[in-house]
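Chains as they are written, first to last, in the numbering used here: chain V, 1 to 384; chain R, 1001 to 1126.
Glycine included, C-beta positions come from ideal geometry on N, C-alpha and C.
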Amino acid sequence: MRRVAVIGVGITKFGKHDRTSSELFAEAAADAIRDADIAPSAIQALYYGNVTGGEGEKQLHTGPLAATLLGLPTIPTTRFENACATSHVAFRHALMEVASGASDVVLVGGAERVLNIPTDAATEYFAYCSDASYEQTVGLTFPGVFALIARAHMEKYGTTEEQMAHVAVKNHRHGVLNPKAQFQKEITVDTVLKSAYVADPLKLFDCCPFTDGGAALVLVSEEIARKRPRAVWALASQAATDTMFLHEKRDLSRVTATERAAAAAYHQAGKSPTDVDVVELHDCFTIAEIVATEGLGFFEPGAGGVAAEKGWTSLGGKIPVNPSGGLKAKGHPIGATGAAQIAEIVTQLRGEAGARQVEGARTGLTHTLGGNTATVVVSLFGRD
Amino acid sequence: MTEHVLTLKHFFEEARAGRLTGIRCGKCGELAIPPKEFCPTCQEYDWTPVPLAGNGAVTSFTVIRIPPRGRAAEAPYAVAVVRLDEGVSLLGRIVDIPLEHLRTGLAVRFRPLMTGEQTAVGFGPV
Chain V
1 MRRVAVIGVG ITKFGKHDRT SSELFAEAAA DAIRDADIAP SAIQALYYGN
51 VTGGEGEKQL HTGPLAATLL GLPTIPTTRF ENACATSHVA FRHALMEVAS
101 GASDVVLVGG AERVLNIPTD AATEYFAYCS DASYEQTVGL TFPGVFALIA
151 RAHMEKYGTT EEQMAHVAVK NHRHGVLNPK AQFQKEITVD TVLKSAYVAD
201 PLKLFDCCPF TDGGAALVLV SEEIARKRPR AVWALASQAA TDTMFLHEKR
251 DLSRVTATER AAAAAYHQAG KSPTDVDVVE LHDCFTIAEI VATEGLGFFE
301 PGAGGVAAEK GWTSLGGKIP VNPSGGLKAK GHPIGATGAA QIAEIVTQLR
351 GEAGARQVEG ARTGLTHTLG GNTATVVVSL FGRD
Chain R
1001 MTEHVLTLKH FFEEARAGRL TGIRCGKCGE LAIPPKEFCP TCQEYDWTPV
1051 PLAGNGAVTS FTVIRIPPRG RAAEAPYAVA VVRLDEGVSL LGRIVDIPLE
1101 HLRTGLAVRF RPLMTGEQTA VGFGPV
């Protein structure tokens, strides 16, 4: 297998847009192609992620549509759907197409548009990513899934609502430094603790927002990347699955798919958690960041809440997590999120992240979680 | 062609009649909620339906205050993961228990929730 690098990244502004998800992807993809400094005609395939287009936009067959709007209507396309991990799964498969030698230049990314529909409809469509028979029938929502996880973590380890609030405060502080972020406004622990419960013990400010946006990456073979000083190497990309049924999880305080994907990715890259300089991970809810920092091996099980409270995951801390503002402040267009996380890590490793730059970052990690924790992808990136 | 021990349709038809049914692996003894082809523990196909008494204890719960479309009139409502006495867990809607009385470890008992043609898992007081 050949080495593969990212040479181009593009992200739309995250927030509310009056354009379709396919238009948003096309904008991000055009930016990624310009950033890569290649001819659009060099692109040989599109790996595309979109989740709720069929429901919210009455639009399926979004791969060819995105390619058409991009102005590349003849390239082969594949549309992926793995809930919130969608475009990170697409990335892993695009990586394999280039690594295998089947293609030299591949475009990957995703987009989502949900702010055109009412919140209760978006809540319903997102809930389609949990099981229809056992989970949707009792009225479980995604904040509800992570509330069940939060309570289990609180009971087992003594994690507090205040510790969870620190995750939101930190990610909002980072988001101020990211011009693409949906929220560029600092909040306090009090803001979080005084916000209304959405699904106890999670409150409004424990939750990421609904977001419109797109993100894209250009992947190339080693031969092409070697001539590009801004290339960032994909060192590993591993996916893991866990049971779709919450009732089958042996320990609700853990996400075992994160632990398995991370172990495989560290092994593939020949790295360990202490080698990682900067992380973009899946903070769809504050508790999700705490559990992920444990599952990725940065802290012992149960220590993630204390780490958040002490600022160890902040810019300038032991292991900076979500310098982009994360899903919490940057926003979470679910089909685009994985690609957007990778774009941030590539930007960090290039040293081009401006006010939110992690100084001297050489190795970065991305972690994206899908749905009720059933899909996780972990990738590692490096400058050499 | 495999003989299906218990399909989702059968599970919920039984549940509608007030009976919870699990499946037990004849090779390794794993108890599971249907449907499954291979046993996730030993990968054999040797399931037998077993009745579950429906008694258990709450292991985690939440109160849903922002519901999905169509459930506004039901909110706020509680959803819990319940570990049944037989050792397998099941997600269900909490009914007839005041929200402020909910805690982990609370003993609950299965009851079917029927809305038109649809059946869901519910848990109420013992």
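message = I need the DSSP call for V9 (chain V), collapsed to helix, strand or coil.
response = Translated into the one-based positions of the first sequence, residue 9 (chain V) becomes position 9. V9 (chain V): strand per DSSP, three-state reduction.
request  = Please name the residue or residues paired with Y47 (chain V) in a DSSP beta bridge.
outcome  = In the first sequence, counting from the first residue as 1, residue 47 (chain V) sits at position 47. Note: Y47 (chain V) sits in a beta bridge opposite V:T78 and V:V108.
task = For chain R, find out if any of its Cβ atoms is closer than 9 angstroms to the Cβ of K206 (chain V); answer yes or no.
result = Working through the first sequence from its first residue, we reach residue 206 (chain V) at position 206. For the sequence presented, residue 206 (chain V) should be read as Asp rather than Lys. No, D206 (chain V) does not count as interfacial toward chain R.
ask   = When we look at the beta-carbon of R1093 (chain R) and count the other beta-carbons within 10 Å, is it buried (16 or more) or exposed?
value = Locating residue 1093 (chain R) in the second sequence gives position 93, where the first residue counts as 1. Counting the other CB atoms within 10 Å of its CB gives R1093 (chain R) a total of 16 or more, which places it among the buried residues.
message = Using only the alpha-carbon positions, how far apart do M1001 (chain R) and C1028 (chain R) sit?
response = By 1-based counting over the second sequence, the position of residue 1001 (chain R) is 1. By 1-based counting over the second sequence, the position of residue 1028 (chain R) is 28. Because the pLDDT at M1001 (chain R) is just 44, under 50, the model does not fix this residue reliably, and the value given afterwards should be weighed accordingly. Spanning the two alpha carbons is a distance of roughly 23 angstroms.
request  = Would you mind sorting G1122 (chain R) into buried or exposed? The rule is 16 or more other CB atoms within 10 Å of its CB.
outcome  = As a position in the second sequence, residue 1122 (chain R) is number 122, starting the count at 1. G1122 (chain R) comes out buried.
ask   = In this structure, does DSSP put E186 (chain V) in helix, strand or coil?
value = The count along the first sequence starts at 1 and reaches residue 186 (chain V) at position 186. Residue state, collapsed to three classes: coil.
Same chain only: Cβ atoms within 6 angstroms of G54 (chain V), ignoring 5 sequence neighbours per side = For the purposes of this step, residue 54 (chain V) is identified with residue 54 of the first sequence, where counting begins at 1. Once the five neighbours on either side are set aside, the close Cβ partners of G54 (chain V) are L60.
Under 7 angstroms (Cβ pairs) to chain V, residues found in the segment 1083–1113 of chain R = If the cut-off is 7 angstroms between Cβ atoms, the segment 1083–1113 of chain R has S1089, L1090, L1091, G1092, R1093 and T1104 near chain V.
query = With contact counted as at least three CB pairs below 8 angstroms, one residue from each stretch, are the segment 162–173 of chain V and the segment 107–116 of chain V in contact?
reply = Flag = no, the segment 162–173 of chain V and the segment 107–116 of chain V do not touch.
query = For L1152 (chain R), which residues in chain V fall below 8 angstroms Cβ to Cβ?
reply = Residue 1152 (chain R) cannot be examined here, being either before or after the span of chain R that is shown, 1001 to 1126.
key: Cutoff 6 angstroms; reference V1050 (chain R); Cβ partners in own chain excluding five residues on either side   = The count along the second sequence starts at 1 and reaches residue 1050 (chain R) at position 50. Same-chain partners within the cutoff: G1022 and R1024.
ask   = Alpha carbon to alpha carbon, what distance is there between K194 (chain V) and V167 (chain V)?
value = As a working note, residue 167 (chain V) is residue 167 in the first sequence. As a working note, residue 194 (chain V) is residue 194 in the first sequence. Straight-line Cα distance between these residues: approximately 15 angstroms.
query = Quick one, which of V:I342, V:A231, V:A42 and V:L365 has its alpha-carbon nearest P320 (chain V)'s?
reply = In the first sequence, counting from the first residue as 1, residue 320 (chain V) sits at position 320. Nearest of V:I342, V:A231, V:A42 and V:L365 to P320 (chain V), Cα basis: V:L365.
message = Below 8 angstroms on the Cβ atoms is my contact criterion, and I expect V278 (chain V) with V358 (chain V) to pass it. Report the Cβ-Cβ distance as a whole number of Å.
response = Translated into positions along the first sequence, residue 278 (chain V) becomes position 278. Translated into positions along the first sequence, residue 358 (chain V) becomes position 358. Between V358 (chain V) and V278 (chain V) the Cβ distance is about 4 angstroms, and since that is below 8 angstroms, they are a contact.
query = For N171 (chain V), which three-state DSSP category applies?
reply = Here residue 171 (chain V) refers to the residue found at position 171 when the first sequence is read from its first residue. If DSSP states are grouped into helix, strand and coil, N171 (chain V) belongs with the helices.
task = Put A216 (chain V) into one of helix, strand or coil per three-state DSSP.
result = Start at 1 with the first residue of the first sequence, and residue 216 (chain V) comes out as number 216. In the structure shown, A216 (chain V) sits in a strand (DSSP, three-state: E or B).
query = Are the Cβ atoms of G109 (chain V) and A5 (chain V) separated by less than 9 angstroms?
reply = One-based indexing of the first sequence puts residue 109 (chain V) at position 109. One-based indexing of the first sequence puts residue 5 (chain V) at position 5. In this structure, A5 (chain V) does not lie closer than 9 angstroms to G109 (chain V) by Cβ.
query = Which whole-angstrom value describes the C-beta separation of F14 (chain V) and T211 (chain V), a residue pair presumed to lie in contact below a C-beta threshold of 8 angstroms?
reply = In the first sequence, the residue the question calls residue 14 (chain V) occupies position 14. In the first sequence, the residue the question calls residue 211 (chain V) occupies position 211. That belief holds up - the Cβ atoms of F14 (chain V) and T211 (chain V) are roughly 5 angstroms apart, short of 8 angstroms.
key: Status (buried if at least 16 other CB within 10 Å, exposed otherwise) for T119 (chain V)   = The residue given as residue 119 (chain V) occupies position 119 in the first sequence. So T119 (chain V) counts as exposed.
query = Any contact of the segment 233–242 of chain V with the segment 1103–1115 of chain R, i.e. 3+ C-beta pairs under 8 angstroms?
reply = no
inquiry  = According to DSSP, R383 (chain V) sits in a beta bridge with which residue or residues?
reply    = Your numbering for residue 383 (chain V) matches position 383 in the first sequence. Paired residues: none, contrary to the question.
message = Using a Cβ-Cβ cutoff of less than 6 angstroms, which residues in the same chain neighbour G325 (chain V) once the five nearest sequence positions on both sides are dropped?
response = On the first sequence, position 325 is the one that residue 325 (chain V) refers to. Correct list, in chain order: N171, H174, G175, N178 and A181.
query = Residues bridged to M1135 (chain R) by DSSP?
reply = Because residue 1135 (chain R) is not part of the residues shown, which for chain R are 1001 to 1126, the question remains open.
query = Roughly how many angstroms lie between the CA atoms of E81 (chain V) and H247 (chain V), to the nearest whole one?
reply = Translated into positions along the first sequence, residue 81 (chain V) becomes position 81. Translated into positions along the first sequence, residue 247 (chain V) becomes position 247. One C-alpha to the other measures close to 23 angstroms.
Beta-carbon gap between V89 (chain V) and G49 (chain V) smaller than 9 angstroms = The residue you call residue 89 (chain V) lines up with position 89 of the first sequence. The residue you call residue 49 (chain V) lines up with position 49 of the first sequence. It is a contact, given that the beta carbons lie within the stated cut-off.
inquiry  = Which residue wins for smallest C-alpha separation from A132 (chain V), given the options V:T368, V:D384 and V:N372?
reply    = Translated into the one-based positions of the first sequence, residue 132 (chain V) becomes position 132. Closest by alpha carbon: V:N372.
inquiry  = Quick check: what's the CA-CA separation for Y396 (chain V) versus T1007 (chain R)?
reply    = Given that chain V is displayed from residue 1 to residue 384, the structure contains no residue 396 (chain V) and the question cannot be resolved.
task = If I'm right that D242 (chain V) touches A262 (chain V) with Cβ under 8 angstroms, what's the distance once you round it to whole angstroms?
result = As a position in the first sequence, residue 242 (chain V) is number 242, starting the count at 1. As a position in the first sequence, residue 262 (chain V) is number 262, starting the count at 1. In fact, because the Cβ distance is near 13 angstroms, the residues do not count as touching under 8 angstroms.
inquiry  = Please give me, in chain order, every unbroken run of the alpha helix (DSSP H) with length at least 4 that falls completely inside the segment 319–344 of chain V.
reply    = The segment 319–344 of chain V contains these whole alpha helix (DSSP H) runs: 326–329.
query = For P1067 (chain R), which residues in chain V fall below 8 angstroms Cβ to Cβ?
reply = To locate residue 1067 (chain R), count along the second sequence from 1; it is residue 67. Within chain V, the residues near P1067 (chain R) are D120, T123, G139 and T141.
task = Name the two residues that bound the continuous beta strand (DSSP E) containing Q268 (chain V).
result = As a first step, residue 268 (chain V) is located in the first sequence; it is residue number 268 there, counting from the start. First-last for Q268 (chain V): T256 to A269, but that is the alpha helix (DSSP H), not the beta strand (DSSP E).
message = So R1071 (chain R) contacts chain V; which residues on that side make the cut at Cβ distance below 8 angstroms?
response = Counting from one through the second sequence, the residue named residue 1071 (chain R) turns up at place 71. Here the neighbours are G139.
ask   = Given G1124 (chain R), which residues of its chain have a CB within under 7 angstroms of its CB, disregarding the five upstream and five downstream residues?
value = Numbered from 1 along the second sequence, position 124 holds the residue referred to as residue 1124 (chain R). For G1124 (chain R), where only same-chain residues beyond five positions count, the Cβ hits under 7 angstroms are V1095, D1096, I1097, V1108, R1109 and R1111.
message = Is the beta carbon of I1064 (chain R) closer than 9 angstroms to that of A121 (chain V)?
response = One-based indexing of the first sequence puts residue 121 (chain V) at position 121. One-based indexing of the second sequence puts residue 1064 (chain R) at position 64. Cβ atoms of A121 (chain V) and I1064 (chain R): not closer than 9 angstroms.
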